[in-house]
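**Student:** Heads up, the final residue of the sequence shown is numbered 1220 in our numbering, and it's a clean run with no missing numbers.
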Amino acid sequence: MTILKDVSLKPYNTFGIDVKASHFISTENIDDLRNVLSSKEYPNKFILGGGSNMLLTKDINALVIHVNLKGIEILSKEDNQVTIKASAGENWHDFVLWCLQNNFGGLENMSLIPGNVGTAPIQNIGAYGVELKDSFVSCETIHIDNLTTRTFTKEDCNFGYRNSVFKQDLKGQYIITSVTFKLSTTNHNLKTNYGAITNELESLKVSKPTIQDISKAVINIRSSKLPDPKLIGNSGSFFKNPVIKTEHFNKLKENFPEIPSYPASEKLVKVPAGWLIEKAGFKGKTFNNYGVHKNQALVLVNYGGANGNDILNLSKLIQNTIQKLFGINLEAEVNII
Ligand code: EPU
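(1) Measuring only from the beta carbon, is W1158 closer than 7 Å to any heavy atom that is part of ligand 1?
(2) With distances taken from CA atoms, which of G1055, D1017 and D1028 is nearest H1038?
(3) Can you tell which of N1190, A1189, L1151 and L1213 has the C-alpha that lies nearest to the C-alpha of L1200?
(4) Where does Q984 sit, in a helix, a strand or coil, going by DSSP?
(5) Taking the straight line between their C-alpha atoms, what separation do you get for S1144 and I1127?
(6) Is there contact between the segment 1092-1103 and the segment 972-990, where contact requires at least three CB pairs shorter than 8 Å?
(7) On a Cα-Cα basis, can you pick out the residue from F1122, S922, P997 and T1032 that is closest to L1114?
(8) Mind checking G1157: buried by the 16 CB within 10 Å criterion, or exposed?
(9) How close, in whole Å, do the beta carbons of Y1011 and I1080 come, if the pair is a contact with beta carbons under 8 Å?
(10) Cα separation between I1205 and G1009?
(11) Hey, would you say the C-beta of P1143 is under 7 Å away from at least one heavy atom of ligand 1?
(12) Ligand 1 and L920: does the residue's C-beta get closer than 7 Å to at least one heavy atom of that ligand?
(13) To the nearest angstrom, how far is it from the Cα of G1055 to the Cα of K1091?
(14) Answer with buried or exposed for S1106, where buried requires no fewer than 16 other C-beta atoms within 10 angstroms of its C-beta.
(15) Look at the alpha carbon of S909 and the alpha carbon of I1025, and state the distance between them as a whole number of angstroms.
(16) Report all residues from its chain with a CB closer than 7 Å to the CB of F1122; omit the five preceding and five following residues, and keep chain order.
(17) Cβ of N936 within 8 Å of Cβ of E911?
(18) Using a 10 Å radius around the Cβ and a threshold of 16 neighbouring Cβ atoms, would you call G972 buried or exposed?
(19) Taking the alpha helix (DSSP H) that V1089 falls in, what are its first and last residues?
(20) Hey, how far is the Cα of Q1006 from the Cα of T1129?
(21) For the beta strand (DSSP E) that contains I930, what are its first and last residues?
(22) Indicate, with yes or no, if ligand 1 has a heavy atom lying under 7 Å from the CB of A1010.
(23) Considering just the uninterrupted stretch of the beta strand (DSSP E) at G1174, what are its terminal residues?
(24) Once the 5 residues before and after N1178 are set aside, which same chain residues still bring their CB inside 6 Å of it?
(25) Do V1048 and G1001 have their beta-carbon atoms positioned less than 8 Å apart in this structure?
(26) Closest to F907 by CA distance: which of L916, R917 and I886 is it?
(27) Closer than 7 Å to a non-hydrogen atom of ligand 1 - does that hold for the CB of S994?
(28) Do E991 and ligand 3 come close, with the Cβ less than 7 Å from some heavy atom?
(29) According to DSSP, is V1184 helix, strand or coil?
(30) Ligand 1 and L1066: does any heavy atom of the ligand fall closer than 7 Å to the residue's C-beta?
(31) Given D915, which residues of its chain have a CB within under 7 Å of its CB, disregarding the five upstream and five downstream residues?
(32) By Cβ distance, which residues of its chain are closer than 6 Å to D901, with the 5 residues on each side in sequence left out?
(33) Return the chain-ordered list of same chain residues with a C-beta closer than 6 Å to the C-beta of H976, the five sequence neighbours on each side being excluded.
(34) State the DSSP-derived secondary structure class of Q1202, mapped to helix, strand or coil.
(35) Can you find a heavy atom of ligand 1 that lies under 7 Å from the Cβ of K903?
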């Protein structure tokens, strides 16, 4: 176990921001992770998973612990269900592909989401009508300060839209070491009613889709709209889709009759932030080496060498403009560090 000094975090965050960690270690098993956590030498610790949902704006003067635990285990098989435990450091998309190769259903709509298995529950990742919580059973964790282990059930996690207890009351307190899922082995519950999926399956000429077909459709849609972080630095949706009062929405509709929306509850409406940002004229705007993606206005991008603060300032400019134009408060989805 070697603790490295002055390590660039560029390869460890999908935005590709080049900041330094004063100290860095990659932990590949639980014992190493425990040893590092119990070390008194480095009181400040910073936990890093897949680095896919963060904007780094400064050097990190702490011991950065990269959670790189690997392994996938089938815990049990019942009638048409299987229970699987995946370690936190497994790449999310590789895990989804492994499930599809084994014909295990439930995660196919969440194909190609960047990040690792262990960070997926923190913001309850989701796409095309499916969220992590739909197949989540539990996750194992270690408390960062007292090293006790705790298993969180679905109820304990208090999942919401891109939200969980790990982003709220228990923020920064636990490291997720593995996640357990319940997936289907036959009679898969296919979710194809999300508009873009229906259209993509039609153009693939698939009338009776399998879970593998759905994954293929999702991969096609995502690749056409969302930039590949390996090529252009980004963190997926930078903002959450805001939820506003129906009265407020009805007023906006008078001025913008084409505004899209999804019902959120009886009195609340969810509005796509991407539409608001596009309407405000930011879609495809480039400032030096960063900007707003040309195919999806919800995504801020680093074309190479951008500074985290430049991107943060752009996000603030967008928030202020959306507030002025629509009276809507856009909340960042990514963690600003
Ligand atoms: N739209 C625009 N302009 C844009 C982008 C979107 O007008 O530049 C409009 C679209 O035309 C559509 C609506 O906004 O009417 C919704 O767009 P889309 O279906 O692409 O989804 P989204 O609301 O932009 C959300 C998630 C994505 C997820 C997709 C699909 C959030 C913050 N984002 O995006 O998640 O992949 O739905 O389920 O909820 C992520 O979290 O990183 C992420 C990519």
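C-beta: ideal position from N, C-alpha, C; glycine also.
**Tutor:** Answer, in terms of the structure:
(1) yes
(2) Note that residue 1038 corresponds to Glu in the displayed sequence, not to His. Nearest option by C-alpha distance: D1017.
(3) L1213
(4) helix
(5) About 10 Å.
(6) yes
(7) P997
(8) buried
(9) Confirmed, Cβ separation roughly 6 Å.
(10) Separation of I1205 and G1009 (C-alpha to C-alpha, rounded to the nearest whole angstrom) is 24 Å.
(11) P1143: yes, Cβ under 7 Å from ligand 1.
(12) Because no heavy atom of ligand 1 lies under 7 Å away, the Cβ of L920 does not count as near it: no.
(13) Pairing G1055 with K1091, the inter-Cα distance amounts to about 44 Å.
(14) Counting of Cβ neighbours within 10 angstroms places S1106 among the exposed residues, the total staying below 16.
(15) 16 Å
(16) A1156, L1181, L1213, E1214, A1215 and E1216
(17) no
(18) buried
(19) Unbroken run through V1089: none, as it is neither H nor E.
(20) Each residue's alpha carbon lies about 26 Å from the other.
(21) K928 to L931 is the extent of the beta strand (DSSP E) around I930.
(22) yes
(23) Y1173 to V1175
(24) Beyond the five residues adjoining it in sequence on each side, N1178 comes within less than 6 Å, by CB distance, of K1108 in the same chain, given in chain order.
(25) no
(26) Taking only the C-alpha atoms, the option nearest F907 is I886.
(27) no
(28) Judged by which ligands are present, ligand 3 is missing from the structure shown, whose ligands are ligand 1.
(29) strand
(30) no
(31) M884
(32) S891 and K893
(33) L995
(34) If DSSP states are grouped into helix, strand and coil, Q1202 belongs with the helices.
(35) no
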